[in-house]
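As structure tokens, the structure follows; a few thoughts come after it.
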Amino acid sequence: MNWARQLRMKLRALFGSRESSRRLDDEIEFHLEQQIVENVAAGMSKEEARRAALRAFGNPSVVKDETRDTWGWVRLEQIARDLRNGARSLWRTPRFALAAVLVMALGIGATTAMFTVVRSVLLEPLPFREPARLLRLYEYFDEAFKINASAAGVFAEWKKESTHFSDLAIFSFRTEYNLSGTGGQLPEKVPASECSWSLFNTLGVQPVIGRVFIAEDDRPSANGTVVLSWGLWKRRFGGDSSILGQTIRLDAKPYTVIGVMPAWFAYPEQRAQLWTPIYHEEAVGEMQALDSHDFGAIGRLKPGATEAGAKAELSVITKRLHDEHKDDPFVSKGADTKPLVDDVVGDVKTPLYVLFAATGCFLFIASLNVASLLVAREATRRRELAIRAALGGGKWRLLREHLMESLALSIAGGIAGLLVAYTAIRWFVTTRQEMNRVDTIHIDGWAMAFAGGLVFLCAIFAGATSALSVHGNQILPALQEVARSHSAGQERVRLRKWLLSVEVALTAVLLVGAGLLLKSYKQLRTVDLGCVTDNVLTMHLSLPEAAYKESASRVNFYEALLARVRALPGVQAAAFTRMVPGEGYGGDSGFAIAEHPPLPEGKYNLGIVRWVDPGYFAALGIPIVQGQLFDSNQRLDKADEVVVSAELVRQYFPGENPIGKHLLTIGRRPFRVVGVVGDTRFLAAQAARSIMYFPLFVSIYDGVANGGTLAVRSDRDVTALALPVQRIVQQLDPELPVADVLTMDQVIGKSTVDASFDATLVLAFALLSLVLAASGLFGVLSYVATQRTTELGVRMALGAQRSEVLKMMLWDGLRPAGVGLILGLAGGFASARLIRDLLYGVKPLDASVFVVVNVLLLTVAAAACLLPAWRASRMDPMRALRNE
Amino acid sequence: MGKPSDLVQGTLDLLILKTISLEPKHGWAIAKRIQQISREVLQVQQGSLYPALHRLEQRGWIKAKWKESETRRKAKFYSLTAAGRAQLEKEAENWNRLSAAINLVVETS
């Protein structure tokens, strides 16, 4: 137990240092006494004996010092002393210290915050049992739909035949239920997921209370059951566990609450608030369809099974189904898989790493700036240091003081930085609530350790850089230099200029990145959706099937709603549709053209499906390109007219007049093309696709569409209409909730929130870096100017023009900026390629961005240099010389 | 100051280890013993013993215990640990090799 004894000894030395010192005193006192006793015995007098003993022993206090030095922690004590000294000397220059600490705090805080986010979201394993075994399963349709959603019929075959999985599960996306109010609560639309009963077992999660679904719940004939999320349970049901076994109404149908999931559980979507059994919810036909790609699937690999093997097996099964149904072009040819974690965080991976890199760059610039400030401070203390070195101050000792000073700065910066990180993370979590796993983000031991590591790295970097300049020099020249005050510290100035170049270079990289992201975001926002977006209000409604079973009742509701809304003062137009442009893909459908020869096997026609009332096109300002619109008499089974988008004509009727042709599609009914309208985009960032507009009141599958988006256009501020419109809905059906009341601009904003977030943050860091770089330039040039006062005075006394001095000083400051800019643009080229995936409508080497960054940096650099240069050129040569 | 030269520094450890290898001793006794055995040749300042003792203790080669000395006063007694014994053997062997080599050089030239 050697190490244990040593540790005990070190701990004793650390915490009981007074006690240890006393014992050492005793030990040495005993030694001297022994010697004195012996000396007295040899015949010396008491006084003589003592002197002789001391002579033989040496200086006791030196011995004690040296002995204490061998104790383990003595170095630490010295470091603490130096740290105190450093802090004290910083205290004497509070403005410098404050600036440096602030800069460090921002850098360390931001970097720690991003580290925490990256670690929690990207690096932590999923909170499920053995998450490495979980796979997300896809269908491979063709090159355009490589990782496609699964058809429930295909999934059923996977589940039946595959041997690589211990469990598989299927679930729906973007499901919503109308949760009826009880006891005075308002009805509410709740995001949910339908899932097979095996979902929870596959993931390996347990409910907090109650139970999850069993096979008996997950059948069409079963009674309705529902599992609640923790959030919904707390918010809506007061966290009361007596909710178990009670009935709540979803879409006006009764469901028994059987369990509540833990707070951290959110799958398949972050927003899912309740789960229902999918085979109970969906129509039998839908769950058997091989070509209706609407669902997500996951699987848990058996021990020993590999992802590649599983993928191959699923592909074989799918291919067999494809070959058995050659007449249906929408059955996939193969399958694909991804580790579940990649699927969960895939979208945010690049943006988060980009942001992490940006904060890292900023921190680097911050510590460069602090190093530069320290170097400048060093200059003013140069004489003191030289004298101390001449008097025998050890080099290591002086170096240590440098390090301690920057360590004191970094520690203060680190503590403040943790506060910054804490605030930043709070802000991040509230801003990005829709992001997967965002709820797992919190500052933990790792984040603290990371911040601590940053503190030391910055301290060593800044301290060593500034110390470098001192120890490269000889003492004598330093002393002489101080005596004669011109041409001073060339070395140090050169070092600071190099630091500046690096700062400017990194700033340029950040600015280029921010510029590209910003431009991409602006492109995204100014993209023409193909419709009017000003003063358009949208809101979601869905008619519960239980209350609106008959198609006629739905038609009645829509007609009454539209008539009343159109009658509201201020309303210019109102329309009802499945989805407005910019809101998402919605659903699509394959179709055939009756007048065309049958398509060759494996070929298909595909169009996005929208149900609209005839007023839709006028309300959203979508132009009619050709033909006319269907009228409002297109109802139920009699409806047989369709309007198509220009893109559909380009794609499927090239060089042909589409009017009067028939599309064979939903329900295999022929619909006659009566008109062609302008293209609209389903998402701002996606090119327009082929769209088929069917009459809103058409009866398909199980009747008229039971929900969608109401769009209202006004000629003034449309948000004022939100309440009156909601009141109309309430009057028509008090049980019916209205959700997502948003203006068109907000709808687009929602789909571009990521882009705006990334661009804003990177821009913020780039601008902060610009400020740091500018202040660095300013500081260095001011310093150079004061150092060269005498020289400039001589020059001017000998007849140098003020403009020449100005030019010379400007050039002095701009040269390092120029070098940095060239380096930075090269770095910008490289990093722009890395963020290519995040850019929309902007090339990585966008010339205008690079030009703007150039101009901006040069202007700022020139501005930062101008004042010190101007000051230098304005000085009185006589006074400058008298300074000598 | 009583700082021994590098040669003595290296050998001082060996001397201390050897001296306490038979029985635990306190500092003064160790100094005395070294002086006696080396027949007063090695005039090390007694004080320089203590940094060496504490260093060896930190390394875990020797351990210390406060006991009553022969004069009925409490003193710190040092003794070898197992690691110290191994170290002593190693250093003694090194020393033998080195001194043999030096002897050889001195006698042949």
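Residue numbers (this note's numbering), protein chains in the order written: chain A, 12 to 895; chain B, 432 to 540. C-beta atoms are modelled at their ideal positions from N, C-alpha and C, and glycine is treated no differently. Just so it is clear, the structure is predicted and the values come from calculations on it, not from any experiment.
Burial state of residue i, where buried means 16 or more other Cβ atoms lie within 10 Å
i: A:Y596; result: exposed
i: A:D642; result: exposed
i: A:L856; result: exposed
i: A:L430; result: exposed
i: A:M889; result: exposed
i: A:F154; result: Reading the sequence as shown, one finds Glu at residue 154 of chain A and not Phe. Exposed.
i: A:A283; result: buried
i: B:L446; result: buried
i: A:H453; result: exposed
i: A:Q45; result: buried
i: A:L878; result: exposed
Any chain A beta carbon closer than 8 Å to residue i
i: B:Q476; result: yes
i: B:Q518; result: no
i: B:K456; result: no
i: B:K507; result: yes
i: B:Q489; result: yes
i: B:R504; result: yes
i: B:S436; result: Summary for B:S436: the model assigns pLDDT 43, below 50, so the residue's position carries little reliability, and this model does not support an answer.
i: B:S469; result: no
i: B:R528; result: no
i: B:S452; result: no
i: B:R422; result: For residue 422 of chain B there is no data in the structure shown, the boundaries of chain B being 432 and 540.
i: B:S479; result: yes
Pairwise C-alpha distance: residue j and residue i
i: B:W526; j: A:R33; result: 36 Å
i: A:V620; j: A:F840; result: 42 Å
i: A:V74; j: A:R66; result: 13 Å
i: A:W241; j: A:T763; result: 29 Å
i: B:I468; j: A:A60; result: 23 Å
i: A:L255; j: A:I225; result: 16 Å
i: A:S72; j: A:F472; result: 37 Å
i: A:M125; j: A:R882; result: 42 Å
i: A:R172; j: A:A516; result: Position check: residue 172 of chain A holds Glu in this sequence, whereas Arg was assumed. About 58 Å.
i: A:A586; j: A:Q281; result: 31 Å
i: A:R311; j: A:Q534; result: 42 Å
i: A:P745; j: A:S767; result: 38 Å
i: A:L351; j: A:S859; result: 40 Å
Endpoints, the beta strand (DSSP E) within which residue i is located
i: A:K349; result: 345-350
i: B:I451; result: Per DSSP, B:I451 belongs to no beta strand (DSSP E) and is neither H nor E.
i: A:Y149; result: 145-151
i: A:D751; result: 750-754
i: A:R311; result: 304-312
Within-8 Å CB hit, residue i to chain B
i: A:R29; result: no
i: A:E135; result: no
i: A:I47; result: no
i: A:H413; result: no
i: A:E59; result: no
i: A:V51; result: no
i: A:A63; result: no
i: A:T81; result: yes
i: A:H42; result: yes
i: A:I39; result: yes
i: A:R787; result: Note that residue 787 of chain A is Gly in the sequence shown here, rather than Arg. Judged by the 8 Å Cβ criterion, A:G787 is not in contact with chain B.
The alpha helix (DSSP H) enclosing residue i, as first and last residue numbers
i: A:V729; result: Element bounds for A:V729: n/a, residue is neither H nor E.
i: B:S510; result: Counting along the chain, B:S510 falls outside any alpha helix (DSSP H), though it belongs to the beta strand (DSSP E) covering 505-511.
i: A:E2; result: The structure shown does not extend to residue 2 of chain A, since chain A spans only 12 to 895, so no value can be given for it.
i: A:K57; result: 57-68
i: A:L548; result: That residue, A:L548, is in no alpha helix (DSSP H); its beta strand (DSSP E) goes 547-553.
i: A:Y627; result: 627-630
8 Å Cβ cutoff, residue i in contact with chain C
i: A:F375; result: In the structure shown, chain C cannot be found, because the protein chains are A and B.
* Could I get the ranges of all uninterrupted beta strand (DSSP E) runs contained in the stretch 635-700 of chain A, with 3 residues as the minimum, in chain order? => 635-638, 652-656, 673-675, 681-688
* **Any beta strand (DSSP E) of 3 or more consecutive residues that is wholly inside the stretch 174-252 of chain A** => 176-183, 186-190, 199-206, 236-239
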